[in-house]
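2 protein chains.
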Amino acid sequence: MLKFPPLRLTQTVLKGGCAAKVAAKELRSILAQVRFPPNPADVMVDAGSFDDAAIFKINSTTALVQTLDFFTPIVDTPRNFGRIAAANALSDVYAMGGRPVTAMSILAFPLGTIQNSVVVELLQGAVDTVSAAGASLVGGHTIDDDTLKFGLSVTGLVHPEHVWSNANSREGDVLILTKPLGTGALTAALKREEVSEEDIRDGIESMCLLNEIASHLGEREKSGIHAATDVTGFGLAGHALNMARASAQSFHFYSSEIPRFSRAMEFIRRGFLTKAHRTNREYTQGKVSFGFKDPDLEELFFDPQTSGGLLLSVSAEVAETMVGQLISRFPATAVVGKVLKSNAPHSEAGALFFE
Amino acid sequence: MLKFPPLRLTQTVLKGGCAAKVAAKELRSILAQVRFPPNPADVMVDAGSFDDAAIFKINSTTALVQTLDFFTPIVDTPRNFGRIAAANALSDVYAMGGRPVTAMSILAFPLGTIQNSVVVELLQGAVDTVSAAGASLVGGHTIDDDTLKFGLSVTGLVHPEHVWSNANSREGDVLILTKPLGTGALTAALKREEVSEEDIRDGIESMCLLNEIASHLGEREKSGIHAATDVTGFGLAGHALNMARASAQSFHFYSSEIPRFSRAMEFIRRGFLTKAHRTNREYTQGKVSFGFKDPDLEELFFDPQTSGGLLLSVSAEVAETMVGQLISRFPATAVVGKVLKSNAPHSEAGALFFE
Chain A
1 MLKFPPLRLT QTVLKGGCAA KVAAKELRSI LAQVRFPPNP ADVMVDAGSF
51 DDAAIFKINS TTALVQTLDF FTPIVDTPRN FGRIAAANAL SDVYAMGGRP
101 VTAMSILAFP LGTIQNSVVV ELLQGAVDTV SAAGASLVGG HTIDDDTLKF
151 GLSVTGLVHP EHVWSNANSR EGDVLILTKP LGTGALTAAL KREEVSEEDI
201 RDGIESMCLL NEIASHLGER EKSGIHAATD VTGFGLAGHA LNMARASAQS
251 FHFYSSEIPR FSRAMEFIRR GFLTKAHRTN REYTQGKVSF GFKDPDLEEL
301 FFDPQTSGGL LLSVSAEVAE TMVGQLISRF PATAVVGKVL KSNAPHSEAG
351 ALFFE
Chain B
356 MLKFPPLRLT QTVLKGGCAA KVAAKELRSI LAQVRFPPNP ADVMVDAGSF
406 DDAAIFKINS TTALVQTLDF FTPIVDTPRN FGRIAAANAL SDVYAMGGRP
456 VTAMSILAFP LGTIQNSVVV ELLQGAVDTV SAAGASLVGG HTIDDDTLKF
506 GLSVTGLVHP EHVWSNANSR EGDVLILTKP LGTGALTAAL KREEVSEEDI
556 RDGIESMCLL NEIASHLGER EKSGIHAATD VTGFGLAGHA LNMARASAQS
606 FHFYSSEIPR FSRAMEFIRR GFLTKAHRTN REYTQGKVSF GFKDPDLEEL
656 FFDPQTSGGL LLSVSAEVAE TMVGQLISRF PATAVVGKVL KSNAPHSEAG
706 ALFFE
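Chains as they are written, first to last, in this note's numbering: chain A, 1 to 355; chain B, 356 to 710.
Structure, rendered in structure tokens:
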């Protein structure tokens, strides 16, 4: 039987992982030119940015959560790529307070150059992660294409009155983050062949971890969540800014408390950055300020996350017990900031400060 | 202002449209190696072939219909490509008896070589078609990629007791087809630059047409539908065979009654075929027989359709009135065959005969 050399998936990609994502600015300029009809009343949340989950109300007790994401390999092992892509896609359902029920795969792979066994492993990783989430992979579409890409379309269910919006962050709230930052720098180091997957195991395990927090929380803590979002491609700063703007609040972060993977700062200092580090900085331009002088630490807050943690804006009364309930499953969970009243209450835009 | 030469979308694609789809045989061999957990009871229909719509039961009156499809351009005009991709993806929901409620876009395009205005037109076509279906485009994901690809993930609703399965075709049923065949040969001619989009306008209009038949039918006709499927990439023979097998019946087609686009046979005779013509023939090998000697006509029944019509297996009592109700919206609608009892009642496989 022929022996093939081990295939490193990241080396099959020309455009790198999340870097192949179209920048938010460009996408917005395209979407601004498309005429959308007014949303019917049952569309509770649409995705103007084409990036977040949407909510469709079926009746007074049931709404659908809809989300879709796919990308090129950011890790080398097919099974891990499948697990991460699934956890990443499922995350948006959790970030809205929903539970995923079905998923469909989006798969593009080069029939001629990638063996079927790679695809089997990739799908197995996705099936296992979707099953662990209590959902079912019920279908999908597969094409022959030049570059491997994989992701999921996910449908979840949520009670329409219990949707975790990103627009209800309140003055005095405490900000909690459930996973470390740095997957962008870690996977950039992997792609440059500076490290192996084993060297960044903390990052891989974190990306595979489902953002299912509800089952770990008491009722009091759950009802103390005012706003939630998952931290993904736009980095902590980008997603926090979206939440601060939507809530018309200012967020104050305690930079030293923000969790990061063990080698994230080392890789940033060595310059293992992506295009998204720059576009995420541009995206938040003029709205983010820093109380320290350390450009490398700034990069951490712009670092694009794949399957990043949840950023929660919670009532101060429940913050401590919530961290206690989450920490066994999400060991990096930490209080990372607080919510101030927006300095410009008549402006729709919020602002961020990292002390 | 700079003037760009008109861009013909089909000329931007290396692998052709539906030809980029992975053949059913290859896909099945991959999926057979993935370990899927048993479906929970609420998954009423999964998609073992990764190609059809799945059904997830929410409660006794509501189930979700889930489907996903995307492909490279098969026509030149961006607006038409968006309309066709949307009608094609929505079709699977109609084929299950459902009504679509939300859609999300799957978009990959070369930022460097395709102007944003092309993407705006494409999305506008999709938004218009999704809106015409009474559904909302609520999000999606966009990446920078070498070859333009577009499609939708669609969620619909259906009453769990009124799902149009493809497994309930009954002896004595009449087979009705609602659109002509030949989109594979038409778009192959377009890709070879043998014709313009204007020359195949009947095919373009048909592919843009939503397969929404329920609102045109009386209650008696609706309840006379025993089985339904939409005719897409596997051609009439492939999809009919799936239905015949699932129903353990034999289908007898009246070849001369099967509708076709005006120039479909001309293009087939001139050899404008795709890889799918061959793989569709292989897929049905040994299960399809012909009562005539005309290899070109055989190719028509293997011709891969994009946004093809519905194949309905209906009670003989309602067939005539059903055709009458559909013909104003779907002018090619015709009785194309009948259902016989399977010759091999103990075999799971059905068979097709084209007289």
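A virtual CB, placed ideally from N, CA and C, is assigned to each residue, including glycine.
Given the structure is predicted, the values throughout are model-derived calculations rather than measurements.
List, in chain order, every chain B residue whose beta-carbon is nearer than 9 angstroms to that of residue i.
| i | result |
| --- | --- |
| A:N116 | E381, S384, I385, Q388 |
| A:A54 | T457, M459, S491, V493, G494 |
What does residue i reach in chain A if we use C-beta pairs closer than 8 angstroms?
| i | result |
| --- | --- |
| B:Q640 | Near B:Q640 there are no residues of chain A at all, since even the closest Cβ is about 21 angstroms away, more than 8 angstroms. |
| B:F391 | V127, L137 |
| B:V475 | I30, Q33, V34 |
Please confirm whether residue i and residue j have their CB atoms less than 9 angstroms apart.
| i | j | result |
| --- | --- | --- |
| B:L462 | B:K412 | no |
| A:K25 | A:Y283 | yes |
| A:V318 | A:V335 | no |
| A:F71 | B:I498 | yes |
| B:A544 | B:I555 | yes |
| A:T10 | A:D76 | yes |
| B:S611 | B:L707 | no |
| A:T229 | A:M207 | no |
| B:Q660 | B:L530 | no |
| B:P614 | B:A687 | yes |
| B:F709 | B:F616 | no |
| A:E308 | A:K191 | Sequence inspection shows Gly at residue 308 of chain A; the Glu mentioned does not correspond to that position. Not a contact, by the Cβ cut-off of 9 angstroms. |
| B:V586 | B:A595 | yes |
| B:L362 | B:Q479 | no |
| B:G527 | B:S508 | no |
| A:L209 | A:T62 | no |
| B:A481 | B:G437 | yes |
| B:L591 | B:F656 | yes |
| A:A135 | A:D92 | no |
| B:S668 | B:I580 | yes |
| B:A444 | B:A458 | yes |
| B:A601 | B:S486 | no |
| B:P428 | B:V475 | no |
| A:F272 | A:E197 | no |
| A:S105 | B:Q388 | no |
Based on the DSSP secondary-structure assignment, which residues constitute the bridge partners of residue i?
| i | result |
| --- | --- |
| B:S508 | B:L423, B:M459 |
| A:Q249 | A:K341 |
| A:V45 | A:I55 |
| B:V377 | In the DSSP output, where bridge partners are listed per residue, B:V377 has none listed. |
| A:V335 | A:I176 |
| B:A582 | B:S668 |
| A:A63 | A:K57, A:V158 |
| A:S289 | A:F353 |
| A:L181 | A:R260 |
Give the residues of chain B in contact with residue i, contact being defined as C-beta atoms less than 7 angstroms apart.
| i | result |
| --- | --- |
| A:K222 | Result: empty, since nearest Cβ-Cβ is about 22 angstroms, beyond 7 angstroms. |
| A:S255 | Correct list: empty, because the minimum Cβ distance to chain B is about 31 angstroms. |
| A:V22 | L466, T497, I498, D499 |
| A:V43 | S491, V493 |
Could you work out which residues of chain A lie near residue i, taking near to mean beta carbons separated by less than 9 angstroms?
| i | result |
| --- | --- |
| B:H514 | Near B:H514 there are no residues of chain A at all, since even the closest Cβ is about 13 angstroms away, more than 9 angstroms. |
| B:T502 | D145, D146 |
Run the proximity test for residue i: is its beta-carbon closer than 8 angstroms to any non-hydrogen atom belonging to the ligand ADP?
| i | result |
| --- | --- |
| A:L27 | No copy of the ligand ADP appears in this structure; indeed no ligand is present at all. |
Interface residues of chain A around residue i at Cβ under 7 angstroms?
| i | result |
| --- | --- |
| B:T510 | L64, Q66, T155 |
Could you tell me which chain B residues have their CB closer than 8 angstroms to the CB of residue i, listed as they occur along the chain?
| i | result |
| --- | --- |
| A:S131 | P392 |
| A:Q124 | V389, R390 |
Kindly say whether residue i, judged by its beta-carbon, lies nearer than 9 angstroms to any beta-carbon of chain C.
| i | result |
| --- | --- |
| B:P614 | You won't find chain C in this structure, because its protein chains are A and B. |
For the segment 226–245 of chain A, enumerate the residues whose C-beta is nearer than 9 angstroms to any C-beta of chain B, in chain order.
none
Taking any Cβ of chain B, which residues in the segment 81–106 of chain A have a Cβ under 8 angstroms from it, in chain order?
V101, T102, M104, S105, I106
Select from the segment 56–81 of chain A all residues with a C-beta closer than 9 angstroms to any C-beta belonging to chain B, and list them in chain order.
F56, I58, N59, T62, L64, Q66, T67, L68, D69, F70, F71, T72
Going along the chain, which residues of the segment 180–199 of chain A sit with their C-beta nearer than 9 angstroms to a C-beta in chain B?
none
Alpha helix (DSSP H) runs wholly inside the segment 81–152 of chain A, at least 4 long, in chain order:
116–132
Could you list the residues in the segment 674–696 of chain B with a C-beta less than 8 angstroms from some C-beta on chain A, going in chain order?
none
With 8 angstroms as the limit, tell me which residues of the segment 277–306 of chain A have their beta carbon closer than that to any beta carbon of chain B; keep them in chain order.
none
Inside the segment 541–565 of chain B only - alpha helix (DSSP H) runs reaching at least 4 residues
556–563
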